[in-house]
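These notes are about the structure you will find just below.
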């Protein structure tokens, strides 16, 4: 049972080394992360992009390119298709965005011939280690699915349960969050939360324990849950997965905790045939490295499940 | 310009002492807060409710009831109507919930004969002092208006600007929050945010500077705003008022920061003829006392504006 990023790295040290394929790799911050991942034994990499520019940035970072496979493709779209095809063909285990528009990067992920489609809907998961919480938290969806329907939410839970399992968090507790703990027909988020709970009880969402609606404190703070006298609930401040009613609630919370609480985090796109790392320039260096570690663990889990 | 609760208390020490009327006052936590407010010179109080029970709790708290006006009304509904009428008639300056259902308490607030209706819609404001932010933050609406329409949001801003002014924060900057900083027609929260900005520019929302949509970090963290290269914006990490797209986004964020950031806060219902304090059992003692201090400042401001 991994409780923090140190545990995840320990778990990662026990599996076969993984490889990341980077689309349009001539990005200083991405190369810094890839270099750290190599040095820390997290992952090797294949750098697809403009080889001249990659060499120039690598020199500035003191990176020895002999340790990396570099594939020279100048055009960004072509580079992304080449990079994703390496993952599609099993030559790399996960896929990372470099200096390319998010829209074009996602197009390569969804490409029917060389991409990573599975038929499952894509969603985003943010894995948090936060001071004051004795376990990892899996926040979803704070960045990808804007206004999830009930069915979207069920699929987001399914995607995230797989990530929990890859991280060694078995049978995670899932809290569909809302402003209140009781169903209010005038608040669709609470109705969805109750229905997700019922779907879980009927076996339609498996491998986890869903209990909602829940407020943030009842989902995450055992003392608060006890103070409010939460009885007969399956989650008493001990949720693993925090499911947000929509992207605004998720993203506002995510940004606030990154800046005003003590947090370490990594992020992945899930629902794909292999982990996809889509960090933004506003994400710190450590977030990018943590995301690579998460990706490597999830890639390992996917490989074992497909065997 | 008040930057924290110490500043608010200093400001409060310079105005005439205010009085709170408590509905169904036989509540130990509410009486503790009222006692502290008296001792700290924040406010005097009138306790309306079951006088025997009030006396019993007061004895346990070491409260000298000679310092308080007690009005014996056993029935909770009648007690709330009596308590709110004291504010309506100018015998008290603000109104506080005791041991009564929120629904019944709000009915007394909205009572046409003895209540505190103004014709304005009611909304909730939470005033935050947070480590890492050099000013007070006014969060709205995290507790009262579930899914505000564009017009509701405009009114919530107007209500909150009055609270800022009462706290000595002139011409506040208002950030309508969303997951992103650009308008996306598929995300109604961003469309509303842009429209609120336009309404402010056209003079339809006055006494403040509105700039949205904004993500939480661009609204509150100057370094993040600069790092993302926000140019041509009126808010660069220096928002005073944080307007949430709906109650879920607001409440989840509020609960998270209370538990995982370093925060002091107080809460009020606004849009009423006098401040209304509606704290819940999950609010700490200090939140209740802070709310009384806020209420006293706002009551003073309302009195001066009505003269």
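Residue numbers (the working numbering), protein chains in the order written: chain A, 278 to 584; chain B, 278 to 584. We put the CB at the ideal spot given by N, CA and C, even for glycine. Note that this is a predicted model, so its numbers are computed, not measured.
At a CB-CB cut-off below 7 Å, which residues of chain A make contact with residue i?
i: residue 504(B); result: 559
i: residue 385(B); result: Within 7 Å Cβ-Cβ: nothing; residue 385(B) doesn't reach chain A, min ~22 Å.
Could you check whether residue j and residue i sit closer than 8 Å to each other, using their CB atoms as the reference points?
i: residue 365(A); j: residue 393(A); result: yes
i: residue 493(B); j: residue 419(B); result: no
i: residue 413(A); j: residue 279(A); result: yes
i: residue 382(A); j: residue 402(A); result: no
i: residue 512(A); j: residue 530(A); result: no
i: residue 408(A); j: residue 532(A); result: no
i: residue 449(B); j: residue 518(B); result: yes
i: residue 541(B); j: residue 406(B); result: yes
i: residue 320(B); j: residue 573(B); result: yes
i: residue 314(A); j: residue 360(A); result: no
i: residue 543(A); j: residue 404(A); result: yes
i: residue 395(A); j: residue 576(A); result: no
i: residue 507(A); j: residue 489(A); result: no
i: residue 526(B); j: residue 335(A); result: no
Under 7 Å between beta-carbons, which chain B residues line up against residue i? List them in chain order, please.
i: residue 365(A); result: Per Cβ cutoff of 7 Å: no residues; residue 365(A) is ~29 Å from chain B at best.
i: residue 374(A); result: Ordered by position in chain B, no residue passes the 7 Å Cβ test against residue 374(A), which lies about 17 Å from the chain.
i: residue 591(A); result: As shown, chain A starts at 278 and ends at 584. That puts residue 591(A) outside it, with no answer to give.
As a quick exercise: from the options, pick the residue whose alpha carbon is nearest that of residue i.
i: residue 417(A); options: 552(A), 528(A), 278(A); result: 528(A)
i: residue 356(A); options: 288(A), 314(A), 302(A), 401(A); result: 302(A)
i: residue 496(B); options: 463(B), 455(B), 536(B); result: 455(B)
i: residue 294(A); options: 538(A), 369(A), 341(A); result: 369(A)
i: residue 559(A); options: 338(B), 501(B), 463(B); result: 501(B)
i: residue 465(A); options: 440(B), 360(B), 524(B), 439(B); result: 524(B)
i: residue 331(A); options: 504(A), 561(A), 307(A), 423(A); result: 307(A)
i: residue 289(A); options: 570(A), 580(A), 371(A), 281(A); result: 570(A)
i: residue 469(B); options: 426(B), 333(B), 395(B), 575(B); result: 426(B)
i: residue 552(B); options: 568(B), 561(B), 562(B), 563(B); result: 568(B)
i: residue 452(A); options: 363(A), 510(A), 562(A), 367(A); result: 510(A)
i: residue 391(A); options: 367(A), 557(A), 582(A); result: 367(A)
i: residue 436(B); options: 399(B), 380(B), 498(B); result: 399(B)
i: residue 345(B); options: 354(B), 353(B), 316(B); result: 316(B)
i: residue 318(B); options: 566(B), 582(B), 473(B); result: 566(B)
i: residue 352(A); options: 333(A), 378(A), 341(A); result: 378(A)
Could you list which residues in chain A have their beta carbon closer than 9 Å to that of residue i, in chain order?
i: residue 494(B); result: 532, 533, 535, 536, 559
Rounded to whole angstroms, what is the Cα-Cα separation between residue i and residue j?
i: residue 297(A); j: residue 443(A); result: 17 Å
i: residue 476(B); j: residue 555(A); result: 36 Å
i: residue 337(A); j: residue 329(A); result: 13 Å
i: residue 487(B); j: residue 534(B); result: 24 Å
i: residue 305(A); j: residue 458(B); result: 25 Å
i: residue 376(A); j: residue 372(B); result: 57 Å
i: residue 287(B); j: residue 339(B); result: 27 Å
i: residue 515(A); j: residue 424(A); result: 26 Å
i: residue 434(B); j: residue 564(A); result: 35 Å
i: residue 460(A); j: residue 537(A); result: 30 Å
i: residue 438(A); j: residue 485(A); result: 7 Å
i: residue 504(B); j: residue 561(A); result: 11 Å
i: residue 430(A); j: residue 291(B); result: 53 Å
i: residue 388(B); j: residue 411(A); result: 47 Å
i: residue 348(B); j: residue 441(B); result: 33 Å
i: residue 467(B); j: residue 421(A); result: 16 Å
i: residue 590(A); j: residue 463(B); result: Past the boundaries of the shown model lies residue 590(A); chain A is included only from 278 to 584, so the question cannot be answered.
i: residue 596(B); j: residue 432(B); result: For residue 596(B) there is no data in the structure shown, the boundaries of chain B being 278 and 584.
i: residue 343(A); j: residue 474(B); result: 53 Å
i: residue 309(A); j: residue 582(A); result: 31 Å
i: residue 499(B); j: residue 557(A); result: 18 Å
i: residue 428(B); j: residue 428(A); result: 31 Å
So which residues on chain A does residue i lean against when the C-beta distance must stay under 8 Å?
i: residue 401(B); result: Those within 8 Å of residue 401(B) in chain A number zero; the least Cβ separation is about 11 Å.
i: residue 398(B); result: Near residue 398(B) there are no residues of chain A at all, since even the closest Cβ is about 16 Å away, more than 8 Å.
i: residue 407(B); result: 537
Going along chain B, which residues have a C-beta under 8 Å from residue i?
i: residue 454(A); result: 525, 529
i: residue 499(A); result: Residues of chain B passing the Cβ test: none, with the nearest at roughly 11 Å.
So residue i and residue j are in contact, right, with Cβ under 8 Å, and what is the actual spacing, rounded?
i: residue 397(A); j: residue 548(A); result: 4 Å
i: residue 350(A); j: residue 326(A); result: 6 Å
i: residue 385(B); j: residue 363(B); result: About 11 Å separates the two Cβ atoms, so there is no contact after all.
Residues of chain C with CB under 8 Å from residue i, in chain order?
i: residue 353(B); result: In summary, chain C is missing from the structure at hand, where the protein chains are A and B.
In chain B, what lies closer than 9 Å to residue i by C-beta?
i: residue 522(A); result: 523, 525, 526, 529
Give a single yes or no on whether residue i has its beta carbon closer than 7 Å to a heavy atom of the ligand COA.
i: residue 469(B); result: The model on display carries no ligand, and the ligand COA is accordingly not part of it.
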